[in-house]
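Chemist: Below: one structure in structure tokens.
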Ligand SMILES: [Zn+2]
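Numbering (the numbering used here), first residue to last: 1 to 570.
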């Protein structure tokens, strides 16, 4: 039994995430975690909301709430919608937790002890009217690159340039609209990433199992050269800056900045989990306390890769403490909405809570897995969603389960029939199923989620082909024993499907397992094709479930296109 630590990129606190966020980190992390649990491994799957930074403060202000109340509410919303989607985190934490505060301060202290943190004087925009500095998005103005009039202090949304607030032309306070802004000097802590360049490159060189997308992004940033970065801000919301447990002189009104504390929350969330459950978090993270045999797998979209291959490792490796670092970093391209990006402001795309108003979670989980943006960007369209749901889920999986169970109900008194011996068709099926199960497991293991889903579908197709060819309804007219063998085999396929679909379709797996009297527990089929298809004891009662998947109708597609956008060619 292996020990596997799974994390997915922390969703930012400001609102429920859209399907693109789900597809590129949280869902594949869940599918992988569920698969590994079913294999019998010890899995710890953690995630958390990323709660600090100016966007959270501005969103709270826009909502008329203090930032703590805002974060409390938004965290609960995200936790609940994740749980409704079947995301089976062992813990869904918060980067504003006391555990993260303590760990963030610890790392800042250690890094400073190693000569990797220093105080520097910065020039920042100060607003006398607001009585404060205006970091990042607290200031807006004209972009110095493209002249867009509403660029933000950290970035221009028009041309994508990363900006410094002092670069903006005609800056305006985002709080009170004051234009009477000054540039003042302020002290900040800098993490000297430039000194860690060689160390991080050597570490990346050794990560030979990283996929090409992850490696190429890491090397691009290493080749450009790491720069020293400010890790504090003139803000009130965040981890207060301390030095060895005491407030740091001159930093009483400053906090550690979000990019420094957010990834430390991976450790802190594990700490939160341990505090809540009595577990031992250090055994997952400290190489000197049991984490040598942990396999650590991270999931994220490609925009987060540089940060996880270079930025966060600077903190961990720079500490020179024996912390666990990531083994496999699975990154994803974009899921687009038709030919364009999801957009909250333009109401384009579906958010997680809205999706569940339309259809149960497994419809979405299936589409987002079999269309995961792995090799390249992928586009969601209602038309393709309709086709995939109707063909894969309704026609192939749903139809098989209902057809065989209905037949068992009407012709075999609703029990697993006895009698008869396996024939050539069954022997061929045993061989095919055994090979397909091995293929599916290898693909899940390799985190090839798209191909894994395709192979799962191919297993359903094997079942349908078998049933069509064996034709129990014909056999029943002349040879009841032969029909019994076929129906028994078909019901065993149903039981097998429950186990195999559970990582992707956990809710459907429950219904399917119950239909054939099997426990709804994670389990991966082990044994030969013959043994996994001879599991159900003859005589056991079975019962056809309600329709597993309803087809998506054209009228629904039209209604949803109207409501959520779409229609433009992909
Ligand atoms: Zn611009």
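Cβ coordinates follow ideal geometry from the N, Cα and C atoms, glycine included.
Everything numeric in this text was worked out from a predicted model, so none of it was measured.
Nearest-angstrom Cα distance between residue 562 and residue 258?
Modeler: By one-based count along the chain shown, residue 562 stands at place 562. By one-based count along the chain shown, residue 258 stands at place 258. Between residue 562 and residue 258, the C-alpha separation is close to 38 Å.
Chemist: So does residue 71 have its beta carbon nearer than 8 Å to some heavy atom of ligand 1?
Modeler: For the purposes of this step, residue 71 is taken as residue 71 along the chain shown, with counting starting at 1. Not under cutoff, so the answer is no.
Chemist: Less than 8 Å between the CB of residue 160 and some heavy atom of ligand 1, yes or no?
Modeler: Position 160 of the chain shown, counted from the start, is the residue given in the question as residue 160. Residue 160 Cβ: within cutoff of ligand 1.
Chemist: Flag this pair as yes or no: are the beta carbons of residue 191 and residue 260 separated by less than 9 Å?
Modeler: Position 191 of the chain shown, counted from the first residue, corresponds to residue 191. Position 260 of the chain shown, counted from the first residue, corresponds to residue 260. Yes, the pair counts as a contact, with Cβ atoms nearer than the cut-off.
Chemist: Can you determine whether any heavy atom of ligand 1 sits closer than 8 Å to the C-beta of residue 139, and answer yes or no?
Modeler: Within the chain shown, the letter at position 139 stands for residue 139. Residue 139: no, Cβ never under 8 Å from ligand 1.
Chemist: Whole beta strand (DSSP E) runs in the region 371-423 with 3 or more residues, listed along the chain?
Modeler: Taking only runs of at least 3 residues, the beta strand (DSSP E) segments lying wholly in the region 371-423 are 378-380.
Chemist: Threshold first: 4 residues or longer. Then list the alpha helix (DSSP H) segments lying entirely within the region 209-275, N to C.
Modeler: For the region 209-275, whole alpha helix (DSSP H) runs of length 4 or above, ordered along the chain, are 212-224.
Chemist: Under the rule that 16 or more other beta-carbon atoms within 10 Å means buried, what is residue 574, buried or exposed?
Modeler: Outside the shown range of the chain, which is 1 to 570, sits residue 574, and nothing can be said about it.
Chemist: So the alpha helix (DSSP H) residue 575 belongs to, where does it begin and stop?
Modeler: As shown, the chain starts at 1 and ends at 570. That puts residue 575 outside it, with no answer to give.
Chemist: How is residue 124 classed by DSSP in three states: helix, strand or coil?
Modeler: Against the chain shown, residue 124 aligns to sequence position 124. Strand.
Chemist: Hey, how far is the Cα of residue 554 from the Cα of residue 54?
Modeler: For this step, residue 554 is matched to residue 554 along the chain shown. For this step, residue 54 is matched to residue 54 along the chain shown. Cα to Cα, the separation comes out at about 43 Å.
Chemist: How many Å lie between residue 318 and residue 437 at the Cα?
Modeler: To locate residue 318, count along the chain shown from 1; it is residue 318. To locate residue 437, count along the chain shown from 1; it is residue 437. Computed Cα separation, rounded: 43 Å.
Chemist: Give me whichever residues DSSP pairs with residue 47 in a beta bridge.
Modeler: Taking the chain shown and counting its residues from 1, one reaches residue 47 at position 47. Per DSSP, 92.
Chemist: Does DSSP put residue 18 in a helix, a strand or coil?
Modeler: Looking up residue 18 in the chain shown gives position 18. Note: residue 18 maps to strand in three-state DSSP.
Chemist: Taking C-alpha atoms, which residue in 48, 89, 90 lies nearest to residue 71?
Modeler: Taking the chain shown and counting its residues from 1, one reaches residue 71 at position 71. The candidate whose alpha carbon is nearest that of residue 71 is 48.
Chemist: Find the nearest neighbour of residue 137 within the set 153, 457, 187, judged by alpha-carbon distance.
Modeler: Translated into the one-based positions of the chain shown, residue 137 becomes position 137. For the residues 153, 457, 187, the minimum Cα distance to residue 137 belongs to 153.
Chemist: Quick one: grab the DSSP three-state call for residue 576.
Modeler: Here the chain comprises residues numbered 1 to 570, so residue 576 is not present and cannot be evaluated.
Chemist: According to DSSP, is residue 324 part of a helix, a strand, or is it coil?
Modeler: Within the chain shown, numbered from 1, the residue matching residue 324 stands at position 324. Three-state result, residue 324: coil.
Chemist: Since residue 467 and residue 416 should fall inside the 8 Å C-beta cutoff, what is the C-beta to C-beta distance between them, to a whole number of angstroms?
Modeler: Along the chain shown, one-based indexing puts residue 467 at 467. Along the chain shown, one-based indexing puts residue 416 at 416. Not really, about 16 Å apart at Cβ, beyond 8 Å.
Chemist: Starting from residue 300, follow the beta strand (DSSP E) in both directions and report where the run begins and ends.
Modeler: Translated into the one-based positions of the chain shown, residue 300 becomes position 300. That run of the beta strand (DSSP E) goes 294-301.
Chemist: Look at the alpha carbon of residue 411 and the alpha carbon of residue 396, and state the distance between them as a whole number of angstroms.
Modeler: If you number the chain shown from 1, residue 411 lands on position 411. If you number the chain shown from 1, residue 396 lands on position 396. Approximately 22 Å, taken between the alpha carbons.
Chemist: What I want to know is whether the C-beta of residue 145 ends up closer than 8 Å to one or more non-hydrogen atoms of ligand 1.
Modeler: Here residue 145 corresponds to residue number 145 of the chain shown, with the count starting at 1. Yes.
Chemist: Please report the residue range of the alpha helix (DSSP H) in which residue 4 lies.
Modeler: Counting from 1 along the chain shown, the entry for residue 4 is found at position 4. Per DSSP, residue 4 belongs to no alpha helix (DSSP H); it is in the beta strand (DSSP E), 3-8.
Chemist: To which residues of the same chain is residue 7 closer than 6 Å at the C-beta, ignoring the five residues directly before and after it?
Modeler: Locating residue 7 in the chain shown gives position 7, counting from the first residue. 46, 266, 298.
Chemist: Taking residue 172 as part of the alpha helix (DSSP H), name the residues at either end of that continuous run.
Modeler: On the chain shown, residue 172 is found 172 positions in, with the first residue counted as 1. Run containing residue 172: none in the alpha helix (DSSP H); it sits in the beta strand (DSSP E), 169-173.
Chemist: Indicate, with yes or no, if ligand 1 has a heavy atom lying under 8 Å from the CB of residue 151.
Modeler: Counted from its first residue, the chain shown places residue 151 at position 151. Yes - ligand 1 has a heavy atom lying nearer than 8 Å to the Cβ of residue 151.
Chemist: With which residues is residue 330 paired in a DSSP beta bridge?
Modeler: Walking along the chain shown from the start, residue 330 turns up at place 330. Paired residues: 299.
Chemist: DSSP on residue 200, reduced to helix/strand/coil?
Modeler: For the purposes of this step, residue 200 is taken as the residue at position 200 of the chain shown. Three-state result, residue 200: helix.
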